[in-house]
Amino acid sequence: MNRRPRSLLLPFAAGHFANDLAPVSVLVLAPAIALDLELSTTEVGLLIAIQSWGAALGFLPSGMLADVVSNRGRLMLITFWWVAVGHWFASFAPGFWWLAVLLALAGFGDAAWHPLATTILVQNDPQRRAQALGIHAIGGTLSGVIGPLLVGFLLTIIDWRQTLQIIALPGALMGVAFFVIAKWIPVQQTTGKVSRADFSALARTWFNGRGLRIIAMISTYHMALVAMISMIPLYLQEFHGLSSSETGIAYAVMVLAGAVGQPFIGRLSDRVGRRKVIVLGNGLAAIAAFSVRYFEQEGWFFAILGALLIGVALLECVRSAILAGAVEYAGSREGATLGFAFSLMDGIGAFGAVLAGWVASFYFSNAFLLAGGLALLAVLACFTVSLQATAAPEATSRHGFDDKMNEGGRNLSVTNTVRE
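What follows is the structure in structure tokens.
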């Protein structure tokens with residue numbers, strides 16, 4: 012019998028870091044890519060959006076497989092090699108469309124990791140879902156801290172293509188480590204296949220009045236986040252004249268603030284309810300985003316950095332509360348629910364990058380006004396829907412843990428309004 016660690020949080024957080032390092036670093040590589048390939052701000056936004064759309068295609072099938080495949084560790088292992096090889100090929104792209112397509116394919120592999128890992132975590136600890144998801148998210152967010160720092164340094168000595176090759180290496184190294192770690196992951200008893208009933212249950216859960224309002228909340232929230240982070244590196248370099256290393260440091264600090272706060276905000280939402288956390292986080296982030304234009308007109312550069320830091324950190328922090336809320340609304344089928352939520356975030360959320368690139372072509376800080384408006388729309392959407400746990404429509408119960416998870420869900424609704 013394989014020996015398992017007491018908790019999978021640490022290896023999963025490390026895996027999250029390794030898989031996300033290359034994809035999130037593309038944001039900081041964007042100015043160098045734009046200079047080399049002669050891209051406009053609109054094209055930069057489109058490049059980031061296409062990368063996200065590729066990821067969006069990977070979330071849902073991976074989430075549904077997480078509910079029915081017994082050996083999920085094997086699938087998680089494959090994701091590392093997919094990401095590493097995909098970004099390696101992308102580094103040789105001769106032009107915009109080749110690069111966009113290859114980044115999208117690499118993003119598909121990265122996306123597959125998330126529903127698999129988060130499904131296992133929420134099943135293992137149903138009473139602390141948001142906290143567990145917040146700890147897992149630290150790995151991904153730290154990749155958004157270390158990645159920009161590393162990229163900023165590397166771009167001072169090598170070009171963006173060689174930089175992309177180097178930051179893809181941790182994924183390959185973790186792929187080797189997962190030959191061992193995969194054996195620690197519990198095997199689940201399932202039928203091993205996705206049926207039409209699974210899709211019907213998913214549709215009944217989400218494509219109704221309440222489900223559509225939650226979809227609107229998730230989508231506008233992530234559009235706000237993507238609108239901000241997609242334009243910040245370009246804004247700091249082109250509008251304020253920062254170097255690539257200075258931009259990397261500034262962006263890394265912004266993301267680090269969100270990384271540190273995620274598990275604490277997740278735990279807070281476990282205790283006080285999801286709605287309060289989501290409304291307050293998005294509302295304050297909107298104020299921070301709106302203030303960038305004012306500080307810009309006054310010439311207060313450090314105030315601009317502070318506002319961007321607060322906006323990004325708050326939006327990153329509430330992510331776990333939104334995901335947990337989606338899981339609790341659905342009631343069970345954690346993999347499909349998380350896969351669907353991630354698909355919304357990267358699929359619809361990617362339009363935030365496209366719109367931000369377009370409005371920034373008129374005046375750069377318009378991107379942050381857009382982000383603030385989208386965050387307020389997320390607040391309004393949150394107010395229009397109940398986020399308390401509910402019994403979701405089910406296909407036939409195939410999982411030995413379904414009843415256990417539903418029982419755990421009842422314990423979670425003590426002060427629930429919305430969770431990760």
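My numbering puts the sequence shown at residues 12 to 431.
All C-beta atoms in this analysis are idealised placements derived from N, C-alpha and C, irrespective of residue type, glycine included.
According to the neighbour-count rule (16 or more other Cβ atoms, all chains shown, within 10 Å of its Cβ), is residue i buried or exposed?
| i | result |
| --- | --- |
| Pro105 | exposed |
| Leu20 | buried |
| Ala24 | buried |
| Glu49 | exposed |
| Val237 | buried |
| Trp124 | buried |
| Glu309 | exposed |
| Thr174 | buried |
| Ala214 | exposed |
| Arg286 | buried |
| Val55 | buried |
| His354 | Here residue 354 turns out to be Ser, not His, going by the sequence shown. The residue in question, Ser354, is buried, as its Cβ has 16 or more Cβ neighbours within 10 Å. |
| Val80 | buried |
| Tyr374 | exposed |
| Leu88 | buried |
| Pro22 | buried |
For a test of the three-state rule: what should DSSP assign to residue i, helix, strand or coil?
| i | result |
| --- | --- |
| Ala435 | Because the chain spans 12 through 431 in this model, residue 435 falls outside it and cannot be assessed. |
| His98 | helix |
| Phe103 | coil |
| Gln273 | helix |
| Ala208 | helix |
| His125 | helix |
| Gly65 | helix |
| Asn219 | coil |
| Thr167 | coil |
| Glu327 | helix |
| Ser51 | coil |
| Asn135 | helix |
| Asn82 | coil |
| Leu355 | helix |
| Gly197 | This sequence places Pro at residue 197; Gly is not what is there. In this structure, Pro197 counts as coil in the three-state DSSP scheme. |
| Ala402 | Bear in mind that a pLDDT of 47 at Ala402, under 50, signals an unreliable position, so the number given afterwards is only what the model happens to contain. Of the three classes helix, strand and coil, the one that applies to Ala402 here is coil, per DSSP. |
| Gly120 | helix |
| Thr395 | coil |
| Tyr232 | helix |
| Gly360 | coil |
Give a yes or no on whether the minimum CB-CB distance between residue i and chain C is below 9 Å.
| i | result |
| --- | --- |
| Ile333 | Any reference to chain C falls outside this structure, which holds one protein chain only. |
Can you tell me which of the options puts its alpha carbon nearest to the alpha carbon of residue i?
| i | options | result |
| --- | --- | --- |
| Pro244 | Thr258, Ala128 and Gly252 | Thr258 |
| Pro34 | Ala261, Thr152 and Tyr340 | Thr152 |
| Ala183 | Ala268, Ala227, Gly145 and Val96 | Val96 |
| Ala492 | Gly277, Thr395 and Ala128 | Within the shown structure, residues of the chain are numbered from 12 to 431, placing residue 492 beyond reach of any answer. |
| Ala296 | Ala318, Phe313 and Trp311 | Ala318 |
| Thr130 | Arg83, Ala208, Gly118 and Ala111 | Arg83 |
| Ile289 | Thr216, Leu325 and Phe373 | Leu325 |
| Leu58 | Ile44, Phe70, Gly69 and Ile321 | Ile44 |
| Gln248 | Gly222, Gly163 and Pro197 | Gly163 |
| Gly69 | Phe119, Met75, Phe100 and Ile61 | Phe119 |
| Ile146 | Glu339, Ala332, Val338 and Leu380 | Ala332 |
| Val303 | Val191, His251 and Glu339 | His251 |
| Ala111 | Ile89, Ile298 and Leu38 | Leu38 |
Give the C-beta separation of residue i and residue j to the nearest angstrom, bearing in mind that I take them to be a contact with Cβ-Cβ under 8 Å.
| i | j | result |
| --- | --- | --- |
| Phe91 | Ala148 | Not quite, the Cβ-Cβ distance comes to about 18 Å (not below 8 Å), so this is no contact. |
| Ala263 | Val156 | 4 Å |
| Phe351 | Trp217 | 7 Å |
| Met265 | Leu320 | 5 Å |
| Leu393 | Met228 | Per the sequence shown, the amino acid found at residue 393 is Cys instead of Leu. Their Cβ separation, rounded to whole angstroms, is 5 Å, which keeps Cys393 and Met228 in contact under 8 Å. |
| Ala115 | Ile61 | 5 Å |
Do residue i and residue j have their C-beta atoms closer together than 9 Å?
| i | j | result |
| --- | --- | --- |
| Cys328 | Gly272 | yes |
| Ala41 | Ser256 | no |
| Gly358 | Ser63 | yes |
| Ala389 | Tyr232 | yes |
| Ala371 | Asn377 | yes |
| Leu32 | Pro181 | yes |
| Ala77 | Pro126 | yes |
| Ala300 | Ala382 | yes |
| Ile178 | Leu165 | yes |
| Thr395 | Arg224 | yes |
| Gly368 | Thr52 | yes |
| Ser102 | Arg207 | no |
| Gly294 | Met185 | no |
| Ser230 | Met356 | yes |
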